[in-house]
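Top to bottom, those sequences are chains A and B.
Residues 0 to 291 in numbering that gives the first Met the number 0 are what the first sequence spells out, letter by letter.
Residues 0 to 291 in numbering that gives the first Met the number 0 are what the second sequence spells out, letter by letter.
Glycine included, every Cβ here is placed at the ideal spot set by N, Cα and C.
Number of protein chains: 2
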Amino acid sequence: MALIDGNRIAETIVAELKAEVAALPGRKPCLALVRVGDDPASISYVRKKEKTAAEIGVTGRVILPPVTLSQSELETLIDGLNADPAVDGILVQSPLPPPQRTSGLFRRVSPNKDVDGFHTVNLGKLAQDDDSGFVSCTPAGIMELLSRSSVDLAGKHVVVLGRSLIVGKPVALLALQKRAGANGTVTVCHSGTRDLPAITRQADVLIAAIGRPEFVTGDMVKPGAVVIDVGINRVADASKKAGYRLTGDVHFPSVEPKAALITPVPGGVGPMTVAMLMRNTVKAHALAHGRH
Amino acid sequence: MALIDGNRIAETIVAELKAEVAALPGRKPCLALVRVGDDPASISYVRKKEKTAAEIGVTGRVILPPVTLSQSELETLIDGLNADPAVDGILVQSPLPPPQRTSGLFRRVSPNKDVDGFHTVNLGKLAQDDDSGFVSCTPAGIMELLSRSSVDLAGKHVVVLGRSLIVGKPVALLALQKRAGANGTVTVCHSGTRDLPAITRQADVLIAAIGRPEFVTGDMVKPGAVVIDVGINRVADASKKAGYRLTGDVHFPSVEPKAALITPVPGGVGPMTVAMLMRNTVKAHALAHGRH
Chain A
0 MALIDGNRIA ETIVAELKAE VAALPGRKPC LALVRVGDDP ASISYVRKKE KTAAEIGVTG
60 RVILPPVTLS QSELETLIDG LNADPAVDGI LVQSPLPPPQ RTSGLFRRVS PNKDVDGFHT
120 VNLGKLAQDD DSGFVSCTPA GIMELLSRSS VDLAGKHVVV LGRSLIVGKP VALLALQKRA
180 GANGTVTVCH SGTRDLPAIT RQADVLIAAI GRPEFVTGDM VKPGAVVIDV GINRVADASK
240 KAGYRLTGDV HFPSVEPKAA LITPVPGGVG PMTVAMLMRN TVKAHALAHG RH
Chain B
0 MALIDGNRIA ETIVAELKAE VAALPGRKPC LALVRVGDDP ASISYVRKKE KTAAEIGVTG
60 RVILPPVTLS QSELETLIDG LNADPAVDGI LVQSPLPPPQ RTSGLFRRVS PNKDVDGFHT
120 VNLGKLAQDD DSGFVSCTPA GIMELLSRSS VDLAGKHVVV LGRSLIVGKP VALLALQKRA
180 GANGTVTVCH SGTRDLPAIT RQADVLIAAI GRPEFVTGDM VKPGAVVIDV GINRVADASK
240 KAGYRLTGDV HFPSVEPKAA LITPVPGGVG PMTVAMLMRN TVKAHALAHG RH
């Protein structure tokens, strides 16, 4: 087996984007990051995005509205960013504190600035094999990890565990697309799947995105499979200073010896998400300037 | 085995819609049918839709622009129908004669009148489990055939042969939805699938939509499976007056004895498509009147 090093691949992409942005004439791409409230994870995610943007030469505009703002005020804020020609991409950091609801915002951000790829139009374009839209960052990152690890899905059986809107379904649609690197036969499993191990054992490529710590064990994996672990779960661990450790949806100790390639957690899919957000922002800038 | 009688189920739905439309106050639902050119199949399809609309009490407005009209003239025509408050649903009959291109029209018809369910927004809504949109007619008809035959997909393995935008992908997304009747584990196969029979033999429900006459043979089907045949292929047959016979994607003689339930061709999925178009039109009317 060998590890797929998400940190290294993400760094390569960041370096590529940096060179691309440096060569751009005029105004550089600009990403608006909207964070409401002070959820510690949100603070840390936004900071990481800000930092990577700066590294690439993308202008980060961090917007921290008061936590008291109403849903309609938040919508007005987004409308303003939609209309602002100096803003290419808009990201509203999840989770929003109650009573804000993220779901309605999927369609509030203009599809042309929806660098998170959550808008109905962008998911529809993905389903229609139309690459003029934005693919959400985690699924795009998974495809990039695979292609940069020379894993061609053509003729392969790809089994996706989980059918979420932001990972399971879009990555299934990507793997199914009729294009180089994709063209997989795709099975989507979930909590209601019967005899799951019999299905996962057929996977040439297994993508675990169900949010259950160490759910996929060695007996569920075919020898030689490629295993992508999308999960990031906190598991109580008294031996750690923080009181928890991070674990994926894959039980690494039993799966790793059987897999041909496997992503670690952390350091696998995670770092790719930010890199793909930056790629989407650069693409949004190109679209706004008629270069795509 | 037993036949799933698409004609009978479609008739039931038509009768239900007729009662529903009769009870509607004011202006009845109106479906605009745009046909360009005189492709014999198009003529026959539009006539069937007209006839069913009349039976239900839906106003059919058949529009036959000259075959010489340009792409932009066709777009102007659609824009006019989009803006017309007396029109609830718009269907542009495929295929269009060259140089018309159907693909761009997917997004020209207003999503609110897109009773064919081909618009990017409507496919996106389907992927997002948002039932405020329109599901394309053939996939919707397949789900209706299954539910009216008491086939619950929960816990079942649904194998879809074909990944087209109008059948394979949307029916896969429908079968996967987290809702009553659906909740299936879904595999999508296609021309690039390796060892296809090994996968189709796992299907509790097999949906064949690949457009290859009699492609699915008995050895590819598990005993007791439910088989839905979406194909309508013309095969040369000198013994027939027309010089051809219609056949599905399923080799009926060898599959029928193994299947618990099977749709015939013709008389299976086909009749459902028109019934679902009418249901979408009635839904569009309800949406326009704030009743949905």
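Alpha-carbon to alpha-carbon, residue j and residue i
{"i": "residue 239 (chain A)", "j": "residue 267 (chain A)", "result": "21 Å"}
{"i": "residue 35 (chain B)", "j": "residue 44 (chain B)", "result": "13 Å"}
{"i": "residue 207 (chain B)", "j": "residue 16 (chain A)", "result": "43 Å"}
{"i": "residue 96 (chain B)", "j": "residue 275 (chain A)", "result": "41 Å"}
{"i": "residue 209 (chain B)", "j": "residue 230 (chain B)", "result": "7 Å"}
{"i": "residue 286 (chain A)", "j": "residue 226 (chain B)", "result": "45 Å"}
{"i": "residue 228 (chain B)", "j": "residue 212 (chain B)", "result": "10 Å"}
{"i": "residue 288 (chain B)", "j": "residue 27 (chain B)", "result": "11 Å"}
{"i": "residue 277 (chain B)", "j": "residue 164 (chain B)", "result": "20 Å"}
{"i": "residue 214 (chain B)", "j": "residue 144 (chain B)", "result": "22 Å"}
{"i": "residue 242 (chain A)", "j": "residue 190 (chain A)", "result": "28 Å"}
{"i": "residue 85 (chain B)", "j": "residue 162 (chain A)", "result": "39 Å"}
{"i": "residue 200 (chain A)", "j": "residue 49 (chain A)", "result": "40 Å"}
{"i": "residue 194 (chain B)", "j": "residue 178 (chain B)", "result": "31 Å"}
{"i": "residue 53 (chain B)", "j": "residue 42 (chain B)", "result": "17 Å"}
{"i": "residue 264 (chain A)", "j": "residue 248 (chain A)", "result": "9 Å"}
{"i": "residue 104 (chain B)", "j": "residue 142 (chain B)", "result": "26 Å"}
Neighbourhood of residue i by C-beta, 8 Å cutoff - its chain only, sequence neighbours within 5 removed
{"i": "residue 76 (chain A)", "result": "33, 62, 64, 68"}
{"i": "residue 72 (chain A)", "result": "64"}
Within-8 Å CB hit, residue i to chain A
{"i": "residue 53 (chain B)", "result": "no"}
{"i": "residue 162 (chain B)", "result": "yes"}
{"i": "residue 225 (chain B)", "result": "no"}
{"i": "residue 188 (chain B)", "result": "yes"}
{"i": "residue 166 (chain B)", "result": "no"}
{"i": "residue 120 (chain B)", "result": "yes"}
{"i": "residue 7 (chain B)", "result": "no"}
{"i": "residue 279 (chain B)", "result": "no"}
{"i": "residue 127 (chain B)", "result": "yes"}
{"i": "residue 111 (chain B)", "result": "no"}
{"i": "residue 182 (chain B)", "result": "yes"}
{"i": "residue 211 (chain B)", "result": "no"}
{"i": "residue 191 (chain B)", "result": "yes"}
{"i": "residue 154 (chain B)", "result": "yes"}
Cβ-heavy atom distance, residue i to the ligand NAD, below 7 Å
{"i": "residue 176 (chain A)", "result": "Only the bare structure without any ligand can be found here, which leaves the ligand NAD out of the picture."}
Cβ neighbours of residue i in the same chain (closer than 7 Å, five flanking residues each side left out)
{"i": "residue 147 (chain B)", "result": "8"}
{"i": "residue 218 (chain B)", "result": "196"}
{"i": "residue 5 (chain A)", "result": "144, 262, 266, 267, 268, 269, 270, 271"}
{"i": "residue 174 (chain A)", "result": "152, 157, 181, 183, 185"}
Any C-beta of chain B under 8 Å from that of residue i
{"i": "residue 198 (chain A)", "result": "yes"}
{"i": "residue 179 (chain A)", "result": "no"}
{"i": "residue 296 (chain A)", "result": "Nothing can be reported for residue 296 (chain A): it is not among the residues displayed for chain A, which extend from 0 to 291."}
{"i": "residue 232 (chain A)", "result": "no"}
{"i": "residue 185 (chain A)", "result": "yes"}
{"i": "residue 124 (chain A)", "result": "yes"}
{"i": "residue 237 (chain A)", "result": "no"}
{"i": "residue 208 (chain A)", "result": "no"}
{"i": "residue 175 (chain A)", "result": "yes"}
{"i": "residue 116 (chain A)", "result": "no"}
{"i": "residue 21 (chain A)", "result": "no"}
Residues near residue i in its chain [Cβ-Cβ closer than 6 Å; skip 5 each side]
{"i": "residue 1 (chain B)", "result": "260"}
{"i": "residue 232 (chain B)", "result": "212, 246"}
Inset, instruction - Identify every run of the beta strand (DSSP E) within the region 165-220 of chain A, keeping only runs that are complete inside it and at least 3 residues long; order them along the chain. - result: The beta strand (DSSP E) runs of length 3 or more contained entirely in the region 165-220 of chain A are, from start to end of the chain, 184-188, 204-207.
Inset, instruction - Count the CB pairs spanning the region 111-127 of chain A and the region 79-99 of chain A that are closer than 8 Å, and state whether there are at least three. - result: Because the criterion of three Cβ pairs below 8 Å is met, the region 111-127 of chain A and the region 79-99 of chain A touch.
Inset, instruction - Pair every Cβ in the region 161-170 of chain B with every Cβ in the region 280-291 of chain B, then say whether three or more of these pairs are closer than 8 Å. - result: They do not touch, by the three-pair rule.
Legend entry - Meets three-Cβ-pair contact criterion under 8 Å: the region 152-169 of chain A and the region 184-193 of chain A: Taking a cut-off of 8 Å for Cβ pairs, the region 152-169 of chain A and the region 184-193 of chain A touch, as three or more such pairs fall below it.
Legend entry - Segment contact flag, the region 155-162 of chain A with the region 126-141 of chain A, C-beta cutoff 8 Å, min 3 pairs: no
Inset, instruction - Would you check if the region 117-125 of chain A and the region 11-29 of chain B touch, i.e. whether three or more CB-CB distances between them fall below 8 Å? - result: no
Inset, instruction - Tell me the start and end of each unbroken beta strand (DSSP E) in the region 45-87 of chain B that is at least 3 residues and wholly inside, in chain order. - result: Listed in chain order, the complete beta strand (DSSP E) runs (minimum 3 residues) inside the region 45-87 of chain B are 58-62.
Legend entry - Length at least 3, wholly inside the region 126-163 of chain B: the beta strand (DSSP E) runs in chain order: 156-160
Legend entry - Entirely enclosed beta strand (DSSP E) segments - the region 228-260 of chain B, minimum 3 residues: 232-235, 243-246
Legend entry - Length-filtered (4 minimum) alpha helix (DSSP H) runs lying within the region 0-26 of chain A: 5-21
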